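In what follows, a structure is listed as structure tokens, so that the remarks can point back to it.
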Amino acid sequence: MRRTRRRRVMADETKRVALVTGGSVGLGRAIATELARCGWCLCLQHDHDAEVGEAVEAVEQAASDAGHSVDVEAFACDLSVAAQREQLVEEVVEAFDRIDLLVNAHASAPPTATDLLETSEEAYRSVLDAQLLGPLLLTQLVASEMVRMVEAGLIEGPRIVTINSISAEASSVDHGPHCVARAALAMMTRLFADRLGEHGIGVFEVRVGLISTSPMDPAYGRYNALIEQGLTPIRRWGHPGDVARAVSAVAEDLLGFSTGEVLHVDGGFHLRRL
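Here's what the structure looks like:
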């Protein structure tokens, strides 16, 4: 695992620290940027992203524009490898002495569509390793650190947020492994919420619907038409900022007496309508 070192600009050692997986791209980057605007220091996990330096600078600039001076560091880590997960947590704690927030935002694209009756065991193992076991086992590591820090009086009221998708509920028979992994992530949130509540650690799921993509994406036209036809009550694409603000609400303790909740950022897709 390779760590991108940054000049430390953190003057207040009590500043809150967030570890955001997939933090250099996509939704992870949007979430990191929003948290920086709120004054959070950021640890960005990435998959050897060549553009991570630009992402770090953008997050730092967002904090500066909002009047904050924060420390941002990037960590290259393969979340499917146990030793690298352990090293990631160790290095974050070494760099910041605390973890107040974990955001599981690392994304991996669903595999090629395959009929449910023809999906191979290899496909299930590959997807479950990437989409379920990686975030689950990282959450286990971070949760243990959070419990230790809470009991030592180092932090108070830490939070864990997992970015999930509507595939946790919506059936897609050509993407069986993806749907199974996403459904399991939903239960993961409930389990950790139950286990960690006694320590004052809130655990949440942000379940994401159709988020704006490039018009060049092959699926864009299809889903754009479905949205216009009323697939969701709110007839527009979601934006990365919609997801980021939901995470920020949890991070800023606006849901202090809640845990195990699913925050639907899906334009109302989850509603059962006639």
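Under the numbering used here, the letters of the sequence shown match residues 5 to 278, in that order.
Yeah, the Cβ is synthetic: ideal placement off N, Cα and C, and Gly gets one too.
As the structure is a prediction and not an experimental result, all values here were calculated from the model.
For the pair Lys19 and Ser68, the Cα-to-Cα distance works out to about 15 Å.
Collapsing the DSSP output to three states places Leu267 in a strand. Distances from the CA of Asp198 to each of Ile170, Ile164, Leu275 were compared; the closest alpha carbon is that of Ile164. Excluding sequence positions up to five before and after Ala40, its CB lies within less than 8 Å of the CB of Leu46, Val63, Glu64, Ala66, Ala67, Ala70, His72, Val74, Val76, all in the same chain and listed in chain order. Pairing Gly242 with Glu38, the inter-Cα distance amounts to about 16 Å.
Put simply, the backbone Cα of Leu136 is about 31 Å away from that of Gly157. Judged by their CB atoms, His110 and Thr166 are not nearer to each other than the 7 Å cut-off.
Here Phe261 is exposed. Its C-beta has fewer than 16 other C-beta atoms within 10 Å.
The shortest CA-to-CA distance from Asp104 to any of Glu256, His268, His274, Gly264 is the one to Glu256. At the C-beta level, Gly213 and Asp270 come within 7 Å of one another. In this structure, the straight-line span from the alpha carbon of Asp119 to that of Ala174 is close to 16 Å.
Between the alpha carbons of Val93 and Val146 lies a gap of roughly 7 Å. Under the three-state reduction of DSSP, Arg163 is assigned to strand. Leu267 and Ala250 have their C-alpha atoms roughly 7 Å apart.
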